[in-house]
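In what follows, a structure is listed as structure tokens, so that the remarks can point back to it.
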Amino acid sequence: MADMFATVLMLGGLRILIRLYYEEFRTAEAGRLKRFLIVGAGNAGEALLREIHRMPVAQYEVVGFIDDDPVKKGINIHGIPVLGTVEQLPEVCEDRNIEEIAIAMPSSSHQQLRRVIQVCEGTKIRFRTVPSITDIASGKFRVSQIRD
């Protein structure tokens, strides 16, 4: 019984150390990271964040989320805050020195997406759109496939 407990404890500890390495220490290897903002704090945004965290060498520092639902402002998703609404996006980008934006709202209407794109265009910051949530969930999607 004691051997089983020790084995489980060691394996769990090893997993925690590996995860800490990938989440914390790998950023030192990558050099300077792009400050990244995700528009969409739903399933697609959360899946994109997880995919970014899985990257073997970090390229992005996810600063926060923006969402069209004002109720989500202030919540954290895997430790990353929802900083405001789409209307507050220009102010958030300026205050947080955002260098790149990903629009992760695949289930939104064309009208909602058009409004978000117009706001992003006004910031003069490079932005991209994320494919469907099914591609993200199935593992067919990689961060490098985000479309301009």
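First residue of the sequence shown? That's 5 in the numbering used here, and the numbers climb one at a time after it.
Glycine included, C-beta positions come from ideal geometry on N, C-alpha and C.
- Inter-residue distance for Asp73 and Met5 is about 50 Å (C-alpha atoms, whole angstroms).
- Looking at the DSSP output, Asn80 sits in a beta bridge with Pro85.
- Under the three-state reduction of DSSP, Val67 is assigned to strand.
- Between Ile84 and Val43, the C-beta gap is not smaller than 8 Å, which leaves the two residues out of contact.
- 8 Å or more divides the Cβ of Ala51 from the Cβ of Ile81.
- Of all alpha-carbon atoms in Ser113, Ser112, Glu95, the one lying nearest the alpha-carbon of Lys128 is that of Glu95.
- Distance from the CA atom of Phe131 to the CA atom of Asn47, rounded to whole angstroms, is 19 Å.
- A straight-line Cα-Cα distance of about 16 Å links Val90 and Ser111.
- In the DSSP assignment, the residues bridged to Glu104 are Phe40, Arg130.
- For Leu93, the CB contacts under 6 Å within the same chain, skipping 5 residues up- and downstream, are Ile70, Val123 in chain order.
- In the DSSP assignment, Ala48 falls within the alpha helix (DSSP H) that extends over 47-58.
- Counting only the Cα atoms, Pro60 lies some 25 Å from Met109.
- Around the beta carbon of Ile20, fewer than 16 other beta carbons sit within 10 angstroms, so the residue counts as exposed.
- Counting the other CB atoms within 10 Å of its CB gives Ala62 a total of 16 or more, which places it among the buried residues.
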